[in-house]
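S.K.:
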Amino acid sequence: MVTPQAWVWTFVGAYWLYCIYWGIKGALQAKTASGYMIAGRQLPMWIFILAATATSFSGWTFVGHPGLIWKDGMAYAFASFYVLTIPITGAFFAKRQWLLGKRYGFITPGDMYSYYYGTEAMRVLVVVVAFLYSAFYSAVQLLASGSLFHWVTGIPVMEGAMLLAAIVVFYVAAGGLRSIAAVDALQAILLVAGIITLGAFVLDALGGWAVFSSQLRTVEARYLQIPAVMKVTAGEQIWTGTMILTYMFSLMGIQSSPAFTMWSFSNKNPRPFPWQQTFASTFVVGFALFFFTAIQGMGGRLVGADVLGIRTDADLVPALMTRYLPPIALAFVTIGALAAMQSTASPYIGTGSTILSRDVYFRYIRPNAGHREQIWTARVFAVIIVVVAFVIAVTNQSALVMLGGLATAFGTLMYLPLLGVVYGLRVTGLGTVLGLIAGIAAVFLTDILVPGWKYPLTIHSAGWGLGIAIVVGLLASLLGKESEESIARRREVREWLDSVDGPTESQKKWRKAMWVVVPVWYIFAIGPGAVLGNNAFSFLGFPPLWSWQIAWWLVGIAMMWALTFKAGLSLTTDEQIARAEKETRYVVHEVAPEATVGVAVTRS
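Following this line, the structure appears as structure tokens:
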């Protein structure tokens, strides 16, 4: 008789062979720096839709999210709304970043920010943010993978984490972003299917929906409600409306992070953006999270920690898998969980190593480095990032989701420079630099440095960091004078971008409506107004707060469709693509001619 562990290793072995295959294939195809680092700007539509979705939702979603629903109840389940708040960031920024990358030849976000703001300090800060983000977020995936392996195979946690890291480093370092995207495409399917499969088996084991929903009435009220009054606490997560809202700010940082700027640059064209944002993320992943992760979390609450043999939220999903899944289903869900972990670790390791290679090594140390040297340097930096992530994983045993929240908070800070580049927020180079420094300090201060200051007033560190970054950035922009060259450069970028991406009359009307709809949605779906869900309607056996979440998710699907398609934030015309391809004005070089970096080359 084949043991469950044998099925797991068979499925995992086949999955890892797939990863290794794409690492080898990517290595054979990666002949140039841009080919390795941003897939030669040729990612096809369906690959990006799946890969960007996999990158946005990770082992944190697969393991940490149901675990915190079990721990904190349906108040934490509001975090499922990141299926909207993550892609809404892409709706605001992705298309315009692609247009800029195509016209000016940007490879890294450091290229874009340093050129637009006229200061190399922005490049340095992007390196800092990218490194912190990559290390912390990869640490989350390593912790999750080690825990999962321990539960399903008995392998010690760190040995399991090392196995995952070895596979990830191989295909990331070997093939670059093209390999990452190809593997992520499969991982997106495995991730969603794994979440739904586990939730379905748990529901069936508990007697089906009718029994499950009736048993929910016996759960303590605090697990089915959101606190109506703000509670000030030191270090503990209290899921008030304010905390949920600012926590969503943190998760919005996933698609404003330096990694997603490079994903934007990598596309053949922007046509995949609205489909990924509206359907793949908001609808498909939303369906999995609002129903099946909640079933896992609340199902674990009904069964009980003693029965499941769990001590922390990170143990819930592995315990459900080993208790309720038959051998083949256990093997399938295991590779779904591994896919979820790798799908986020790999792109952040890959883009982080590229940023270190291009913006540190190539920019300052070896400006004459050729394609091959840049590629190998990026491979070395990929290994370094994983080593740092391991150190973080070993020394920080806090909740998976909270560690990930710290990482994404750094990505949220990039709203400040993005609002300037993409929409013309009046911040100068000095203002942006000082704002980011202040924001990074605020995130550290309100998250890990001073325990008594952790999430003061139940505002997540991302909320404090972004608010302080914008205030400091705007105030500092009023100080000092800028050179005429910097002012002229920003004006040229703004005028070109606005001429290419100006809204039609119909889109203007939709955008005016969205100025009302989006804030209302934020207030009542994930903000202070969410407290009304405690005593709201109930349908089909769902408790009131769960019913509230599902209703606002459905409203959110319509809202995202209106933003991306009808308001035109992500929709791209053939004319826009043609202009970006024709009116190129390269300001960075893939390989520096005669040791010169950043010399403008115009091509019409």
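In this note's numbering, the protein residues as written are 6 to 609.
For glycine and all other residues, C-beta sits at the position ideal for the given N, C-alpha and C.
1. Can you check which of these residues, I112, V133, V188, T298, is closest to L55 by C-alpha distance?
2. Less than 8 Å separating the beta-carbons of G357 and A135?
3. Who pairs with L48 in a beta bridge, going by DSSP?
4. Determine the burial state of A600: buried for a count of at least 16 other Cβ atoms within 10 Å of its Cβ, exposed for fewer.
5. Report back the beta-carbon spacing between V132 and I360 to the nearest angstrom; my notes put them in contact at under 8 Å.
6. F542 and A535: beta carbons closer than 8 Å?
7. So, for V602: in the same chain, excluding its five sequence neighbours on each side, which residues have a beta-carbon less than 8 Å away from its beta-carbon?
8. Excluding sequence positions up to five away, which residues of its chain have a Cβ less than 8 Å from the Cβ of A605?
9. Ignore the nearest five residues each way along the sequence and tell me which others in G375's own chain have a CB closer than 7 Å to its CB.
10. Buried or exposed for F544, going by 16 or more other Cβ atoms inside 10 Å?
11. Buried or exposed, going by whether 16 or more other CB atoms sit within 10 Å of the CB of T223?
12. Does DSSP put T577 in a helix, in a strand, or in coil?
13. Would you tell me roughly how many angstroms separate the C-alpha atoms of I259 and T158, rounded to the nearest one?
14. Kindly confirm or deny that the segment 290 to 301 and the segment 275 to 282 touch, where touching means at least three C-beta pairs closer than 8 Å.
15. Please go through the same chain and pick out, in chain order, the residues whose beta-carbon is closer than 8 Å to the beta-carbon of I231, but skip the five residues on each side of it.
16. Using C-beta distances below 6 Å, list every residue in its chain close to I322, excluding the 5 sequence neighbours before and after it, in chain order.
17. If you measure between the beta carbons of F98 and S255, is that distance less than 8 Å?
18. DSSP state of W12, grouped into three classes?
19. Taking 8 Å as the threshold (C-beta atoms), are G123 and E618 in contact?
20. How about A585 and Q281: are their beta carbons less than 8 Å apart?
21. Look at the Cβ atom of L89, then the Cβ atom of M565, and state whether they are nearer than 8 Å.
22. Quick check on P114: buried or exposed, where buried means 16 or more other Cβ atoms within 10 Å of its Cβ?
23. Less than 8 Å between the C-beta atoms of I201 and L568, yes or no?
24. Quick one: residues in its chain with C-beta nearer than 8 Å to the C-beta of L104, no 5 flanking neighbours on either side, listed in chain order?
25. Report the three-state DSSP secondary structure of D189 (helix, strand or coil).
26. Once DSSP output is grouped into helix, strand and coil, what is the label at F430?
27. Grab me the residues of W515's own chain with a C-beta within less than 7 Å of its C-beta, minus the 5 sequence neighbours each way, in chain order.
28. Quick check for students: name the residue ranges of the beta strand (DSSP E) that lie wholly in the segment 345 to 411, counting only runs of 3 or more.
29. Using the rule of at least 16 other Cβ atoms within 10 Å of the residue's Cβ for burial, across every protein chain shown, is I370 buried or exposed?
30. Using the rule of at least 16 other Cβ atoms within 10 Å of the residue's Cβ for burial, across every protein chain shown, is L22 buried or exposed?
31. Report buried or exposed for K513, applying the criterion of at least 16 other Cβ atoms within 10 angstroms of its Cβ.
32. Evaluate contact between the segment 461 to 471 and the segment 411 to 428, counting only Cβ atoms and requiring at least three cross-stretch pairs below 8 Å.
33. Are the beta-carbon atoms of I91 and S61 separated by less than 8 Å?
34. In whole angstroms, what separates the C-alpha of A171 from that of E225?
35. Express the C-alpha separation of A198 and G341 in angstroms, rounding to a whole number.
36. D209: buried (16+ other C-beta within 10 angstroms of its C-beta) or exposed?
M.R.: Let me lay it out:
1. Here residue 55 refers to the residue found at position 50 of the sequence shown. Cα-wise, what sits closest to L55 is V188.
2. The residue labelled residue 357 in the question sits at position 352 within the sequence shown. The residue labelled residue 135 in the question sits at position 130 within the sequence shown. For G357 and A135, yes; Cβs fall inside 8 Å.
3. By 1-based counting over the sequence shown, the position of residue 48 is 43. The partner list for L48 (beta bridge, DSSP) reads N272.
4. Along the sequence shown, one-based indexing puts residue 600 at 595. Caution applies to A600, whose pLDDT of 36 falls short of 50 and renders its modelled position unreliable; the value that the coordinates give is listed next. Exposed.
5. Locating residue 132 in the sequence shown gives position 127, counting from the first residue. Locating residue 360 in the sequence shown gives position 355, counting from the first residue. With a Cβ gap of about 6 Å, V132 and I360 count as contacting.
6. Here residue 542 refers to the residue found at position 537 when the sequence shown is read from its first residue. Here residue 535 refers to the residue found at position 530 when the sequence shown is read from its first residue. No. Outside cutoff.
7. Stepping through the sequence shown from its first residue, residue 602 is reached at position 597. With a pLDDT of only 38 at V602, under the threshold of 50, the placement of this residue in the model should not be trusted; the figure read from the coordinates follows. Leaving aside the five residues that flank V602 on each side, the residues in its chain whose CB is nearer than 8 Å to its CB run, in chain order, F367, R368, P372, V593, H594.
8. Position 600 of the sequence shown holds residue 605. The predicted position of A605 is uncertain, since its pLDDT is 36 and thus under 50; no value can be drawn from it.
9. In the sequence shown, the residue the question calls residue 375 occupies position 370. The residues are V596.
10. Start at 1 with the first residue of the sequence shown, and residue 544 comes out as number 539. Classification for F544: exposed.
11. Looking up residue 223 in the sequence shown gives position 218. By the neighbour-count rule (16 or more Cβ atoms within 10 Å), T223 is not buried but exposed.
12. The sequence position of residue 577 within the sequence shown is 572, counting from 1. T577: coil per DSSP, three-state reduction.
13. By 1-based counting over the sequence shown, the position of residue 259 is 254. By 1-based counting over the sequence shown, the position of residue 158 is 153. Going by the C-alpha atoms only, they are around 32 Å apart.
14. no
15. For the purposes of this step, residue 231 is identified with residue 226 of the sequence shown, where counting begins at 1. Once the five neighbours on either side are set aside, the close Cβ partners of I231 are M79, A80, F83, W244, T245, G246, I249, A535, V536, G538, N539, L550.
16. Within the sequence shown, numbered from 1, the residue matching residue 322 stands at position 317. Reading the sequence as shown, one finds Val at residue 322 and not Ile. Cβ neighbours of V322 beyond the five flanking positions: V68, P71.
17. Translated into positions along the sequence shown, residue 98 becomes position 93. Translated into positions along the sequence shown, residue 255 becomes position 250. Taking 8 Å as the cut-off, the beta carbon of F98 is found no closer than this to the beta carbon of S255.
18. Numbered from 1 along the sequence shown, position 7 holds the residue referred to as residue 12. Here W12 sits in helix by DSSP.
19. Given a span of 6 to 609 for the chain in the structure shown, any question on residue 618 remains unanswerable.
20. Taking the first residue of the sequence shown as 1, we reach residue 585 at position 580. Taking the first residue of the sequence shown as 1, we reach residue 281 at position 276. Result no, Cβ atoms of A585 and Q281 do not sit closer than 8 Å.
21. Locating residue 89 in the sequence shown gives position 84, where the first residue counts as 1. Locating residue 565 in the sequence shown gives position 560, where the first residue counts as 1. For L89 and M565, yes; Cβs fall inside 8 Å.
22. Locating residue 114 in the sequence shown gives position 109, counting from the first residue. Classification for P114: buried.
23. Translated into positions along the sequence shown, residue 201 becomes position 196. Translated into positions along the sequence shown, residue 568 becomes position 563. No. Outside cutoff.
24. By 1-based counting over the sequence shown, the position of residue 104 is 99. Contacts found: P275, L502, V505, D506, Q581, A585.
25. Here residue 189 is taken as the residue at index 184 of the sequence shown, counted from 1. Residue state, collapsed to three classes: helix.
26. To locate residue 430, count along the sequence shown from 1; it is residue 425. Here residue 430 turns out to be Leu, not Phe, going by the sequence shown. Of the three classes helix, strand and coil, the one that applies to L430 here is coil, per DSSP.
27. Mapped onto the sequence shown, residue 515 falls at position 510. A567, K571, A572.
28. none
29. For the purposes of this step, residue 370 is taken as the residue at position 365 of the sequence shown. Exposed is the call here.
30. Locating residue 22 in the sequence shown gives position 17, counting from the first residue. Classification for L22: exposed.
31. Your numbering for residue 513 matches position 508 in the sequence shown. It is exposed - the Cβ of K513 has fewer than 16 other Cβ atoms within 10 Å.
32. Touching, yes.
33. Taking the first residue of the sequence shown as position 1, residue 91 is located at position 86. Taking the first residue of the sequence shown as position 1, residue 61 is located at position 56. Yes.
34. Numbered from 1 along the sequence shown, position 166 holds the residue referred to as residue 171. Numbered from 1 along the sequence shown, position 220 holds the residue referred to as residue 225. The alpha-carbon atoms of A171 and E225 are separated by roughly 44 Å.
35. On the sequence shown, position 336 is the one that residue 341 refers to. On the sequence shown, position 193 is the one that residue 198 refers to. Cα-Cα distance, rounded: 7 Å.
36. On the sequence shown, residue 209 is found 204 positions in, with the first residue counted as 1. Exposed, because fewer than 16 other Cβ atoms sit within 10 Å of the Cβ of D209.
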